[in-house]
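Just below is one structure, and these are the notes that go with it.
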Amino acid sequence: METTKIALFKGKKIRKTLYKNEWWFSIVDVITVLTDSPQAKTYWAKRKDRDKEMAQPFPFWEQLKLPAEDEKMRDTDCADTEGIFRIIQSIPSSKAEPFKRWLAKVGYERVQEIENPELATKRTRMLYKLKGYSEDWIEKRMRGITIREELTDEWQRRGAKIQKDYEILTAEISKATFGVTPNQYKKLKGLKRENLRDHMDDKEQLEKEIGRSVVSKKNFLPTKK
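Rendered as structure tokens:
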């Protein structure tokens, strides 16, 4: 399997390599794209001088082998998606926002040969961060996703088979929690195609979790036949 590749952002090359089951990107390449500076190496050296945390190569960034201009594999300062995201925050650039969206996509691209479910979780967190949600909200949302997955697994074990089964059970949770079905709640919030749970505040997220517990205790779960 090829572990070193070239990613393209608006026609400009960014070297990346597979390390610890994740894509790590050349920091200098990223800085070149964001600043259009021919002196990206100097720019990165100055950033490290100003920021003690950035100056430490581990765990924030590491030197990995990437092909240089002479086509030889040379030590190159690299960072994973979260590390690159942090570097972007410190660089004033009009390209920062579109680059973040691009990074959220290519940084957690599914690598077919590797089973790593944590990447999907990391990508989801990153997307919420890009949308401006707080860390506290993201933590509650991710916990809600985990609880939802556990609950649907339990429904499946107890006999739920078709989408309609899950819709009925989800509606029961919503009615037990908010007094309305999910579709009714979306109308109240003026939502159309948007994900309802992405538009709940902290209080609603908490009530949703409690509602799931209440529904389970009331035994709305289907029983095995």
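Those letters in the sequence shown? Residues 0 to 224, by numbering that gives the first Met the number 0.
Don't be surprised by glycine CBs; every beta carbon is placed ideally from N, CA and C.
None of the values given here were measured: they were computed from a predicted structure.
- Query: In whole angstroms, what is the alpha-carbon distance linking K12 and M199?
  - Reply: Linking K12 to M199 through their CA atoms gives a straight-line distance of about 39 Å.
- Query: For G53, which residues of its own chain have a beta-carbon under 7 Å away from its beta-carbon, when the five flanking residues on both sides are left out?
  - Reply: A small correction: the amino acid at residue 53 is Met; Gly does not occupy that position in the sequence shown. In its chain, beyond the 5 residues on either side, R46, K47, F59 have a beta carbon closer than 7 Å to the beta carbon of M53.
- Query: Taking all protein chains shown into account, do 16 or more other C-beta atoms lie within 10 angstroms of the C-beta of R14, making it buried, or fewer, making it exposed?
  - Reply: Counting other Cβ atoms within 10 Å of its Cβ, R14 reaches 16 or more and is therefore classed as buried.
- Message: Restricting to runs no shorter than 4 residues, where is the alpha helix (DSSP H) found entirely within the stretch 1-46?
- Response: If we require 4 residues or more, the alpha helix (DSSP H) runs fully inside the stretch 1-46 come out as 26-34.
- Looking at the structure shown, is D76 part of a helix, part of a strand, or coil, going by DSSP? The DSSP-derived three-state label of D76 is strand.
- Task: Sort out for me which residues DSSP pairs E61 with in a bridge.
- Result: According to DSSP, E61 shares a beta bridge with C77.
- Query: Going by beta carbon distance, what residues of the same chain come within less than 6 Å of Y90, once the five residues before and after it are set aside?
  - Reply: Sequence inspection shows Ile at residue 90; the Tyr mentioned does not correspond to that position. Taken in chain order, the residues that qualify are L33.
- Message: Pull the bridge partners of P66 from the DSSP assignment, please.
- Response: Its beta-bridge partners are M72.
- Looking at C-beta atoms only, is the number of pairs between the stretch 70-86 and the stretch 18-35 that lie closer than 8 Å three or more? Remark: three or more beta-carbon pairs, one from each stretch, lie closer than 8 Å, so the stretch 70-86 and the stretch 18-35 are flagged as touching.
- Task: Would you mind stating whether F8 and F98 have Cβ atoms separated by less than 8 Å?
- Result: Contact check for F8 against F98 passes: the beta carbons are separated by less than 8 Å.
- Item | M72 burial status per 10 Å Cβ neighbour count (16 or more: buried) | Taking all protein chains shown into account, M72 has fewer than 16 neighbouring C-beta atoms within 10 Å of its C-beta and is therefore exposed.
- Message: Using only CA atoms, which one of A170, L65, A39 lies nearest to A6?
- Response: It is L65.
- Among L190, I30, T169, R142, nearest to E201 - alpha-carbon criterion: Sequence inspection shows Asp at residue 201; the Glu mentioned does not correspond to that position. Nearest option by C-alpha distance: R142.
- Classify I167 as helix, strand or coil using the three-state DSSP reduction. In this structure, I167 counts as helix in the three-state DSSP scheme.
- Task: Determine the burial state of T31: buried for a count of at least 16 other Cβ atoms within 10 Å of its Cβ, exposed for fewer.
- Result: Buried.
- 8 Å CB neighbourhood of Y230 in its chain, flanking five on each side removed: The displayed coordinates of the chain run from 0 to 224. Any statement about residue 230 would go beyond what the structure contains.
- Message: Considering just the uninterrupted stretch of the alpha helix (DSSP H) at L150, what are its terminal residues?
- Response: Element bounds for L150: 134-156.
- Task: Find the nearest neighbour of E148 within the set T120, N182, K94, judged by alpha-carbon distance.
- Result: Nearest in C-alpha terms to E148, of all of T120, N182, K94, is T120.
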